[in-house]
Every structure is written in C-alpha cells, then in structure tokens.
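Those sequence lines, one after another, are chains U and X.
Taken in order, the first sequence gives residues 89 to 548; the numbers are from the working numbering.
Taken in order, the second sequence gives residues 6 to 341; the numbers are from the working numbering.
Quick reminder that beta carbons are idealized off the backbone N, C-alpha and C, glycines included.
Taking it in order: structure first as structure tokens, then the write-up.
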Amino acid sequence: MATEILMPALSPTMEEGTLAKWLVKEGDTVAAGDILAEIETDKATMEFEAVDEGTMGKILIAAGTEGVKVNTPIAVLLDEGEDASATPAAAAPAAAPAPAVAEAKAEAAPAPAAAKTPAAPKADKSPDWPEGTETKTQTVREALRDAMAEEMRRDDRVYLMGEEVAEYQGAYKISQGLLDEFGAKRVIDTPITEHGFAGIAVGASFGGLRPIVEFMTFNFSMQAIDHIVNSAAKTLYMSGGQMGAPMVFRGPNGAAARVGAQHSQDYAAWYMQIPGLKVVMPYTASDAKGLLKTAIRDPNPVIFLENEILYGRSFDVPVMDDFTVPFGKARIAREGSDVTIVSFGIGMTYALEAAEKLAADGIDAEVIDLRTLRPMDTASILESVRKTNRCVTVEEGWPQGSVGGYISSVIMQEAFDYLDAPVINCTGKDVPMPYAANLEKHALLTSDEVVEAVKKVTYR
Amino acid sequence: MATRKAAAKPNVSAEELLGHYREMLLIRRFEEKAGQLYGMGLIGGFCHLYIGQEAVVVGLEAAAEEGDKRVTSYRDHGHMLACGMDPKGIMAELTGREGGFSKGKGGSMHMFSKEKHFYGGHGIVAAQVPIGAGLAFADKYLGNGRVTFAYFGDGAANQGQVYETYNMAELWDLPVVFVIENNQYAMGTSVKRSTKSKTLWERGAAYGIPGEEVDGMSVLAVKEAGERAVAHCRAGKGPYILEVKTYRYRGHSMSDPAKYRTREEVQKMRDERDPIEQVRQILLTGAHASEEDLKAIDKEIKEIVNEAAEFSKESPEPALQELWTDIYAIEVPQEA
Ligand SMILES: Cc1ncc(C[n+]2csc(CCOP(=O)(O)OP(=O)(O)O)c2C)c(N)n1
Ligand SMILES: [Mg+2]
C-alpha cells in the first residue's frame, strides 16, 4: 500500500519549514536511509531521509514551498508493483487532517482553569498543643537544637552536615552539643564547598539517609541552589515517583545587622516558588521546634528559614515527649476584626508591634503567622479576610515577586467581593542592603510602616 | 618546590626595605585602630582584620606595576592600604560614612577603587577567584599587558569555582596570579580538617598551572616569588599560583571564641615569625636605619591612622537619598 511521507519535525520546537529541494523524483527507487529532500527551518537546513523503501509516487509539495506545516503529506511512497495512478486517491483524504493534529495537541495541554486547586479547605484552628500542657521558656536557638537532637535520637538515618557545625558547635551555635552526643559520623564539618556538599547530601538522601544541611547563612545557599532546585526538588517528579530527596536545608535567612548587601537577603519568596520544595519560616521557638521536627520527618526536601536576630529570643515551648507542628497550618497570633495582617518569620515582629500600636488607636488587627509558605494555609487567610475585609502583608524581602504579592493574588481570586480596600504589601525597600547604619534602618521594614499601611486600608 | 626563603643577602635597597616596613606597619596600626573602633561601636557587622598577614600584600604589591589589578575577599583592608587607597576613605567606609570608598554603602567587606584598580572586597567565599580571572581575561583581550592578583584563603581554595577557573585560566593563558593566603584556618577549621591535599598550590598541576609555596611571613620572599609569578604572566605564559603561608593573629572576625587553636600557637608565631619584626631586625642589624629612624616612622604612621580614625568619625552619615542611588547605572562605567 502507498505510504504518505509527512513533513518531518526536525527539532522539538519546529512547527513549519520550507521544502527547499527534492533529491529524488517521481519514479525513483529509494532505500531506507536515502536522502529524500532538504528541509529548511529558521535555524538550520537539514536533510530528510527515507524510513522505508519503495518507489517515489507523487510529489505533493513542490520544491521551494515555504511554510509547510509539520505532518503535512509531502509525497507518496509506493510499494513494489504499485501503480502511480493509485496515488491521488490514497493521498487525498489524508491531506486534510494534518492541521487537526496540531489543534488536538494544543487542546491536550492542561487548561489552567481545570487544574485549579480544589475547593478551599476550612481553616484548621486547633491548638498546637493540648490545653494544660506544661511549657518552659526557651530561645529559638535551643528549640532548634532540641528538635535536631530529638530527631537524631529517633532516627539514626538523620545526620547533620555543614560548615563549622561540629567542632565549632555551629557558627551561630545551633548545633551546640550535637557532636558530643552523636559523634563525628553524624555531625560533620564540611569544607567551604556549598554546591558540593549540598549535592552530596542530595545523593545521600537518594541513598536512604535523611540529611540536614546547614548553610552558615542562606546567602551561601545561592552557591548550592542548582542542587536544591534541580536535584532535590525535581527528582521525585522526574523519576515518576520512584525516588525523592527527604532532607532539610536550614540556616539563618534574611538581614542580620550591618553585614551589608551580600549577607542580608530574604529567600522566602525565591524558594516558595519551587514545586517540590516545602518552605518553612518560623517565628516562635515552639514553631521552630515543632516545624523542624516535622521537616526532618517529611519525605520531601524542606527549606527551613531561620533568622539570626530571632535565635536569641525566648518563647514558651510545650514540654512534651514528641511535639510537632504540621505544615500548612497558620497560627492566629492575635484575633481581631478590623484588618488582617499576614506575616511570617521575623516579619511577625513588625506585625505584632504594629498591632499593639493600632490597638492603642482603636484599630483591632488580626495577625496571622503563616509559619509555612509552601504549603501555604490560604484558607486561614481567606477566612480572616472575609471577616475583616482588609489585608496587609508583612515581609522583609523585596517587593517584586514577593510572598505578599502572591497572597494578594489569592485574595483577589478567592475573596474579591469581600475586600473593602486594596491589599497592601509591606516589604523591605527595593534596594540591596546598605551597610551604613542610618541607611540600613531605612532599608528595613518598620512597624510604623505597617501601621501606616493598615490606616490606609482602614481609611483612617 | 620547597618553601623559598628570601636570599640571605636580599637584592633590595635600604630605601625599599624601609618602604615595606612602613607599609606593613600602616596596615598593622590601621587594623588595631579598626579593632578599637569596633569595640566602641563605631564599626558594625563583620570586620575581618589582616594583622599577621601584612607581608603578603606588601610583598606582592612590590612586584606589581602601575595598572595591575587586584581582587580579594572580605579580609580586604590590608590590600586596599597596600595598593595606595587613602586610609581615611577606608576607615570611613568601616564606620559607614559618606566619606567612605563606597559612600558608606559597602562596609568593611565591600570596597572598591577604580583609580587604584582594586576590584573588591567580596563577601562570598571564593567568588573573587573567577572574577580575578575575568579581569585578566579582559586585559588579555585588550592586550594591555596588565596582570591581576586574585587573592583567596585556604578555605576558599576548596570551592569548586576555583577549579573551574583554574581550567579556563590555563586554557586561555590568562595573566592572573592566584594568591592563596594560607593562614591555616578558615574560621574555626584548620587546613588539615578541610583537605588531605598536602599543599594547595600543587592542585594547579592538574590543570597545567605552575606554582610554588612561599614564606608569607617574609616580605622579601613574597616579593621575590611575586616577581617570578608576574614575569610568567606578563610573558604570556598564563596563570601562576602562589601559596603564601601566613597566619592571622586575630579571630576570624570580631566575635570569634578562638577555641580551635591555643594561645601559645598564636604567641609563638608572633614571637618568632612576625613579618614586621623581621624587617625591623634586618634594618637595624644591617645598619640601614637607626632606632630613631624607625621611631619617626612609627610616629608618622600613628598620625596617619589617627587622622583616618578622626575622619571616619567626623564624616557624616550618608544622605538618606543614597538609599536609592547606584542601583542601576545610567551610563555603563568604562574601564580606562
Ligand atoms: C560561600 C560562602 N560560604 C561561607 C561563608 C562564610 N565564611 C566567611 S569567611 C569563611 C572562612 C573563609 O576562610 P579562608 O578562605 O581561609 O579565608 P580567611 O578568612 O582565613 O582569610 C566562611 C566560611 C561565606 N562568606 N561565603
Ligand atoms: Mg584562611
């Protein structure tokens, strides 16, 4: 039977091309591998080989024709003994459907609307620990150390690696005492080679371990970001679910004090963008502890963003054998009815301070601490906004492509009719962090700016 | 190649030697003053002092010619002083004032001087290594005969980008001297705890880059090795590696518990190998200078440093408007 020869796609992106030249003519005998024609695209000229043997029947597209769509029949190949006169009949019906193929392909692409998140779940407002549980005061630093120690006791696949984590006890003393308790096999000092050791940790996680990678600060995670994004975050997907990277990347994130542009940066929005990563940014010590334990147990790569300034702050932490905080559950840090302030991590300092100041002015703010940015508890945000009808987001990072920008879009799409004012995003200034004390102060977010934003959305 | 000691009778004039003494002393006194200002709260954040390592930059600057370039890490005060940047502008940058080299916006770790061909001041460990090779790439491209000194630490020497750079630098015969300032520690990690390589300079052999180990406590040994390295680069033979064995007396930055080494170790180095004291002895024993001459230099240096400190306190904080400037160039600055 006659076979149609179709216009080939010579690259993944080619949609059409010019049939520059035929190297065979009707009636020629061709063998598989013979060059039939030259096809030109905007990128290159390529030769087009025969796949089957036979005799060239009719040439349907003349040499020199431009804009020939991929998959258009360009010639007919006859089996031995077949008559060229049979050709037109065979070719005619097949010619039409060619464009349809392209249409079908376009339709097959997932429609964004169809892939929408299922109906928003109800906000989970259960307490983090049972009422009446004894608590003790702990710094964030101690809470983080305890979380790692508890998980290392619980699971001997968990190990910690990073710069100065062992003998020096951590550049910020988060791993204090861990080397003593768990030994050099599980608390490992690395050379200053972030890209290398992040990759090694990803490999170790493939190999069955549960690495905790400490970045001395997240600024240095930029050296390793390829392994975080390309190796850790995507492998589960790329392997069709066979293997992933159960691991934690943790360390201080964001501005410290007077350390200048290369050492003061908030990566919340960066990592929050990546499917395959989970992103945590705790504010309190109990969250630091409960979420880090959850992170270490989670079967996915988790970015755990700490903050140097918060390390020394004290909070109540429940005294429990095994206290964990689930991902994707925000905490209502303060109930209120006039405006919703959404923040996370150190941003909570400004949010809570602002709420106090606003209370003095008779504005009753609800403050939500997101705690995890991916998954994000948008249900809690929406529920609150439906009550207060106004929202201000607070974060230390830059404005363009910010966490607040994402929250605003969610509110727009899900609760537009409830809004009485545009959402305002309070962020760090859109500049690299300056060193000079006075400039640094201005570059950073302040609670007064949050107060001002709230007054704007409440029209006071 | 073993560590080269300076030739017994160094080929150096008394005048040059006095110059080295003066420059090293300027760095030492400047750094001591910076430490004091930090203690007074006038300098914030990180502040990495160069005390103990003075002979490295002073020796290499003596091998450099006008127009040669240099780039280094955050431990950069010595490099800036040695290449002739004004101590006032450096100190004022440390205090974050308008009179600083970066108008107060860069701080201790991030300073630059186009005029003196000083390309920073980099806070990310080893980032300056490919940047240094890139400066050399530009010089070769422009055919201007310049050489670049890319300084980095023993800790930085383990970063992958160093080796990517070695490969390309040799492949393209780039005129860059890789100066490994091996002060034996990267924060609290000694070289022994970060690598099993016996030397760092020999790693260049894998890429075909020659190099040598240098006694970094001897300014003359450094200068001599520097001259060899520069000659190699200027002859168009490509990069050269100097592993300069040196020592930092102070902590890594200002808050360093220093539990990773003993006080005796530091004291022994100061007593027996101090680079400034070594030159002082040569000057005195060779009768190239009298105690009085040296005292006069000490006094002069003290004045320069005090002036710098005064300037750094008096210079005003940058105008708030500066927060919003220098984010985008209006005109791309051209290298002369
Ligand atoms: C990529 C990166 N990782 C980690 C750090 C934190 N850090 C700053 S200095 C330093 C030690 C560097 O030691 P070395 O290269 O020997 O230079 P030295 O401080 O001794 O001059 C570390 C780990 C950093 N600034 N950049
Ligand atoms: Mg070092």
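Which residues have a Cβ closer than 6 Å to any heavy atom of ligand 2, listed in chain order? X:158, X:159, X:160, X:188, X:190 and X:191
By the criterion of Cβ-Cβ separation under 7 Å, what are the contact partners of residue 347 of chain U in chain X? As a position in the first sequence, residue 347 of chain U is number 259, starting the count at 1. Within 7 Å Cβ-Cβ: 50 and 51.
Please report the distance separating the alpha-carbon of residue 345 of chain U from that of residue 292 of chain X. Translated into the one-based positions of the first sequence, residue 345 of chain U becomes position 257. Translated into the one-based positions of the second sequence, residue 292 of chain X becomes position 287. Cα to Cα, residue 345 of chain U sits roughly 50 Å from residue 292 of chain X.
Answer with buried or exposed for residue 329 of chain X, where buried requires no fewer than 16 other C-beta atoms within 10 angstroms of its C-beta. The residue labelled residue 329 of chain X in the question sits at position 324 within the second sequence. With fewer than 16 Cβ atoms within 10 Å of its Cβ, residue 329 of chain X is classed as exposed.
Residue 257 of chain X by DSSP, collapsed to three states: which one? Your numbering for residue 257 of chain X matches position 252 in the second sequence. Note: residue 257 of chain X maps to coil in three-state DSSP.
Using a Cβ-Cβ cut-off of less than 9 Å, list which residues of the region 243-270 of chain X approach chain A; keep chain order. Among the protein chains in the structure shown, which are U and X, there is no chain A.
Tell me whether residue 122 of chain X, by its Cβ, gets closer than 7 Å to a heavy atom of ligand 1. The residue you call residue 122 of chain X lines up with position 117 of the second sequence. Checking every heavy atom of ligand 1 against the Cβ of residue 122 of chain X, none is found closer than 7 Å.
Along chain U, which residues have their Cβ under 7 Å away from the Cβ of residue 110 of chain X? Here residue 110 of chain X refers to the residue found at position 105 of the second sequence. What residue 110 of chain X touches in chain U: 522, 523, 524 and 527.
Note down, in chain order, all residues in the region 306-337 of chain X with a beta-carbon under 8 Å from any beta-carbon belonging to chain U. 322, 323, 325, 327, 328, 329 and 332
State the start and end residues of the unbroken beta strand (DSSP E) segment that holds residue 494 of chain U. Start at 1 with the first residue of the first sequence, and residue 494 of chain U comes out as number 406. Run containing residue 494 of chain U: none in the beta strand (DSSP E); it sits in the alpha helix (DSSP H), 491-503.
If residue 91 of chain U and residue 142 of chain U are in contact, beta carbons under 8 Å, what's the gap, nearest whole angstrom? Indexing the first sequence from 1 puts residue 91 of chain U at position 3. Indexing the first sequence from 1 puts residue 142 of chain U at position 54. Indeed they touch by this definition, with Cβ atoms about 7 Å apart.
Cβ-based contacts, 8 Å cut-off: residues of the region 30-51 of chain X near chain U: 49, 50 and 51
With a cut-off of 8 Å, does the C-beta of residue 351 of chain U fall near any C-beta of chain X? Numbered from 1 along the first sequence, position 263 holds the residue referred to as residue 351 of chain U. Yes, residue 351 of chain U counts as interfacial toward chain X.
Label residue 528 of chain U either buried or exposed according to how many other C-beta atoms from any shown protein chain fall within 10 Å of its C-beta, with 16 as the threshold for buried. As a position in the first sequence, residue 528 of chain U is number 440, starting the count at 1. So residue 528 of chain U ends up on the buried side.
Only counting the same chain, and skipping five residues up and downstream in sequence, which positions put a Cβ closer than 7 Å to that of residue 546 of chain U? Here residue 546 of chain U refers to the residue found at position 458 when the first sequence is read from its first residue. Around residue 546 of chain U: 426, 427, 451 and 478.
Let me know if residue 102 of chain X comes out buried or exposed under the rule of 16 or more other beta-carbons within 10 Å of its beta-carbon. On the second sequence, position 97 is the one that residue 102 of chain X refers to. It is buried - the Cβ of residue 102 of chain X has at least 16 other Cβ atoms within 10 Å.
Beta strand (DSSP E) runs wholly inside the region 106-170 of chain U, at least 3 long, in chain order: 123-128, 133-137, 142-147, 153-157 and 161-166
Check residue 250 of chain X in the structure and name its three-state DSSP category. Here residue 250 of chain X is taken as the residue at index 245 of the second sequence, counted from 1. The answer is strand: DSSP assigns residue 250 of chain X an E or B state.
Taking only three categories from DSSP, how would you classify residue 103 of chain U? Walking along the first sequence from the start, residue 103 of chain U turns up at place 15. Coil, per DSSP.
Alpha carbon of residue 173 of chain X to alpha carbon of residue 241 of chain X, nearest angstrom: Your numbering for residue 173 of chain X matches position 168 in the second sequence. Your numbering for residue 241 of chain X matches position 236 in the second sequence. Distance between the alpha carbons of residue 173 of chain X and residue 241 of chain X: 15 Å.
Proximity winner among U:514, U:115, U:275 and U:160, relative to residue 170 of chain U (alpha-carbon distances): Against the first sequence, residue 170 of chain U aligns to sequence position 82. Of the listed residues, the one whose Cα sits closest to residue 170 of chain U is U:115.
Residue 454 of chain U classed as buried or exposed, judged by whether at least 16 other C-beta atoms fall within 10 angstroms: Residue mapping note: residue 454 of chain U aligns to position 366 of the first sequence, counting from 1. Buried, by the Cβ-count rule.
In angstroms with no decimal places, state the Cα-to-Cα distance between residue 247 of chain U and residue 253 of chain U. The count along the first sequence starts at 1 and reaches residue 247 of chain U at position 159. The count along the first sequence starts at 1 and reaches residue 253 of chain U at position 165. Straight-line Cα distance between these residues: approximately 11 Å.
Distance cutoff 8 Å, beta carbons only. Does residue 202 of chain X sit that close to anything in chain U? For the purposes of this step, residue 202 of chain X is taken as residue 197 along the second sequence, with counting starting at 1. So no, residue 202 of chain X is outside the interface.
Flag this pair as touching only if the region 203-211 of chain X and the region 268-283 of chain X have three or more C-beta atom pairs under 8 Å; answer yes or no. no
Starting from residue 412 of chain U, follow the alpha helix (DSSP H) in both directions and report where the run begins and ends. As a position in the first sequence, residue 412 of chain U is number 324, starting the count at 1. First-last for residue 412 of chain U: undefined, no H or E at that position.
If we call anything under 8 Å between Cβ atoms a contact, is residue 271 of chain U one with residue 370 of chain U? What you label residue 271 of chain U is simply residue 183 of the first sequence in a count that begins at 1. What you label residue 370 of chain U is simply residue 282 of the first sequence in a count that begins at 1. Contact flag unset, no.
If you compare alpha carbons, which of X:28, X:250 and X:309 is closest to residue 158 of chain X? Counting from 1 along the second sequence, the entry for residue 158 of chain X is found at position 153. That would be X:250, whose Cα lies nearest to the Cα of residue 158 of chain X.
May I have the straight-line CA-CA distance separating residue 123 of chain X from residue 104 of chain X, to the nearest angstrom? As a working note, residue 123 of chain X is residue 118 in the second sequence. As a working note, residue 104 of chain X is residue 99 in the second sequence. About 17 Å.
Residues near residue 341 of chain X in its chain [Cβ-Cβ closer than 6 Å; skip 5 each side]: Position 336 of the second sequence, counted from the first residue, corresponds to residue 341 of chain X. Annotation note: pLDDT 47 at residue 341 of chain X (below 50); position unreliable, coordinate value reported separately. Result list for residue 341 of chain X: empty, nothing under 6 Å.
Closer than 7 Å to a non-hydrogen atom of ligand 1 - does that hold for the CB of residue 277 of chain X? In the second sequence, residue 277 of chain X corresponds to position 272, counting from 1. No, ligand 1 has no heavy atom inside 7 Å of this Cβ.
For residue 224 of chain U and chain X, any beta-carbon pair shorter than 8 Å? In the first sequence, residue 224 of chain U corresponds to position 136, counting from 1. For residue 224 of chain U, the answer is no, since every Cβ of chain X falls outside 8 Å of its Cβ.
Short-range partners of chain X found in the region 389-404 of chain U, where Cβ spacing is below 9 Å: none
So, using beta-carbon positions, are residue 349 of chain U and residue 520 of chain U closer together than 8 Å? Here residue 349 of chain U refers to the residue found at position 261 of the first sequence. Here residue 520 of chain U refers to the residue found at position 432 of the first sequence. It is a contact, given that the beta carbons lie within the stated cut-off.
Is it buried or exposed, residue 375 of chain U, if we count other Cβ atoms within 10 angstroms and call 16 or more buried? Against the first sequence, residue 375 of chain U aligns to sequence position 287. Label assigned to residue 375 of chain U: buried.
If I measure Cβ to Cβ from residue 302 of chain X and keep anything under 6 Å in the same chain, skipping five residues before and after, which residues do I get? For the purposes of this step, residue 302 of chain X is identified with residue 297 of the second sequence, where counting begins at 1. So the list reads 27, once near-sequence residues are dropped.
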